[in-house]
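Put into structure tokens, the structure is as follows:
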């Protein structure tokens, strides 16, 4: 069990729940389960009240879809059109998200959501780095001294990843989200993106990992971006593929803790959620039981 749950509930009783909206509706990943598990992780903490807006499948209904983002302290983006570039948010919804974040809103880019919308240039600025072709922006790499190298467009490859593995996350930049974390901690069955690309403006790389299954180089895993007055968190953590059921990547206590703490920081600018005693270390994974979550 996530050992901080009891103390989180006590904390939450002292605060009004943070309103969160998850946007989903299409992806090459299991977006329905991803939304359900993410909603459960956040609401189990007692700190959040989560609603979902699903982009309509019908094209006419989709063209009219325009949620009121201003009702929420945080938007979690869980749509990805990498397999169908013509499947997009309507322009009015894109503009509303831009305005929302510029005016101080929080935006969480959930795993494959950073694969989405290469046509949308303001989205590229919001996410900082994403899954893009070699010509589409700068890539960031971390060297042996933990310094960031900026790789120009058309140098190196487009974004990709090797096999999933238990990556060793290395904290690169101290931040409220990772305050109290060990300098290194083990994830479970995760993806490390090589050559993540984008404008990489107003960006701070929080953590990185050595890509042992492909390039044998070290790449960003988590980063935050300032967009106008708003805050954006983006990460390759949180892979949930079709056919998987609450996989180790989501059962990882390091991942679940990071989801909660990143969400709180995005919404409030502060982190009050404690780091649980059973957080993973550099030498050991830490997973919740397979039966700790059930699809609703």
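Residue numbers (the UniProt record's numbering): 1 to 296.
C-beta atoms are modelled at their ideal positions from N, C-alpha and C, and glycine is treated no differently.
- In this structure, the CA atom of residue 146 is about 44 angstroms from the CA atom of residue 57.
- The Cβ atoms of residue 82 and residue 109 lie no closer than 9 angstroms to each other.
- The DSSP-derived three-state label of residue 227 is strand.
- In the structure shown, the three-state DSSP call for residue 92 is helix.
- Distances from the alpha-carbon of residue 242 to those of 17, 22, 87 and 26 put 26 closest.
- Judged by DSSP secondary structure, residue 141 falls within the beta strand (DSSP E) whose first and last residues are 138–142.
- Within 10 angstroms of the beta-carbon of residue 186 lie 16 or more other beta-carbons, which makes it buried.
- Residue environment analysis places residue 114 among the buried positions, since at least 16 neighbouring C-beta atoms fall within 10 angstroms of its C-beta.
- Taking a 10 Å sphere around the C-beta of residue 282, we find fewer than 16 other C-beta atoms and assign the residue as exposed.
- Per DSSP, the continuous alpha helix (DSSP H) segment holding residue 250 begins and ends at 248–251.
- Distance check between residue 89 and each of 132, 167 and 119 places 119 closest, using alpha-carbon atoms only.
- Here the alpha carbon of residue 61 sits roughly 44 angstroms from the alpha carbon of residue 142.
- Judged by their CB atoms, residue 212 and residue 165 are nearer to each other than the 9 angstroms cut-off.
- With respect to the C-alpha of residue 239, the residue from 33, 23 and 24 having the closest C-alpha is 33.
- Sorting 246, 149, 160 and 192 by C-alpha distance to the C-alpha of residue 204 places 149 at the top.
- Here the alpha carbons of residue 63 and residue 104 stand approximately 26 angstroms from one another.
- Ranked by Cα distance from residue 172, the options 130, 248, 153 and 144 are led by 144.
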